[in-house]
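Residue numbers (the numbering used here): 71 to 256.
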């Protein structure tokens, strides 16, 4: 009788182990078919760039100004833009390195640069008309991988990261940022 009980328990344990093995093996197979989601730092090795743009308040076409900072592995660029079509009226470029770009992306990642949130607002220009609008993009080749926005008036927007820290990180990429943007009325 004891032999039968031990045999039954052994059989049950064996079936549980086989079940666990099959279930875990199935999970491993399904995860290899799932495409890998790239992290921001993964773009350091690609033909990519990140952009931060600050648009001023809603005013007439001739008074509208924006400042755009674009950083890639080869270049850091500041552009002063005019009007709602973003015509470049002043540009300053600085060289960059792969290592500096990777470090910058790591810093941005720590600030939630690609973190998004939901909003019911479909047009950023419809909110915070007397404040600033901020745009955060990641572009790989010609493909935008992330395109988020926020405003200075409140927490409205799709950008879920730390806006102030992100803005400071971008501004610190440009030597003499304050002098280069002096007189730009946002």
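For every residue, glycine included, the Cβ atom is placed at its ideal position computed from N, Cα and C.
Buried or exposed by the 16-neighbour rule on C-beta atoms within 10 Å, applied to residue i
i: residue 242; result: exposed
i: residue 158; result: exposed
i: residue 69; result: No answer is possible for residue 69: the residues shown for the chain start at 71 and end at 256.
i: residue 220; result: buried
i: residue 142; result: buried
i: residue 164; result: exposed
i: residue 149; result: buried
i: residue 167; result: exposed
i: residue 253; result: exposed
Length of the line joining the Cα atoms of residue i and residue j
i: residue 132; j: residue 178; result: 33 Å
i: residue 153; j: residue 256; result: 11 Å
i: residue 135; j: residue 126; result: 6 Å
i: residue 213; j: residue 144; result: 18 Å
i: residue 139; j: residue 110; result: 17 Å
i: residue 59; j: residue 199; result: Outside the shown range of the chain, which is 71 to 256, sits residue 59, and nothing can be said about it.
i: residue 181; j: residue 232; result: 5 Å
i: residue 230; j: residue 203; result: 14 Å
i: residue 112; j: residue 171; result: 11 Å
i: residue 99; j: residue 185; result: Only weak support exists for where residue 99 lies, its pLDDT of 43 falling under 50; the value from the coordinates is given anyway. Going from the Cα of residue 99 to the Cα of residue 185 covers about 28 Å.
i: residue 244; j: residue 147; result: 7 Å
i: residue 189; j: residue 240; result: 25 Å
i: residue 187; j: residue 222; result: 16 Å
i: residue 162; j: residue 169; result: 21 Å
Counterpart residues of residue i in DSSP-defined beta bridges
i: residue 139; result: 122 and 148
i: residue 171; result: The partner list for residue 171 (beta bridge, DSSP) is empty, contrary to what the question assumes.
i: residue 205; result: 123 and 219
i: residue 210; result: 118 and 213
Secondary structure of residue i, DSSP reduced to three states
i: residue 322; result: The first residue shown for the chain is 71 and the last is 256, placing residue 322 beyond what the model contains.
i: residue 226; result: coil
i: residue 249; result: helix
i: residue 160; result: strand
i: residue 236; result: helix
i: residue 112; result: helix
i: residue 190; result: coil
C-beta neighbour in chain D for residue i, strict 8 Å
i: residue 236; result: Among the protein chains of the structure shown there is no chain D, as only one such chain exists.
Item to check | Three CB pairs or more closer than 8 Å across the segment 113-124 and the segment 201-214 | outcome: The segment 113-124 makes contact with the segment 201-214; the number of CB pairs closer than 8 Å reaches 3 or more.
Next on the checklist: Could you check whether the segment 187-196 touches the segment 215-229, counting it as contact only if at least three pairs of C-beta atoms, one from each stretch, sit closer than 8 Å?
Outcome noted: yes
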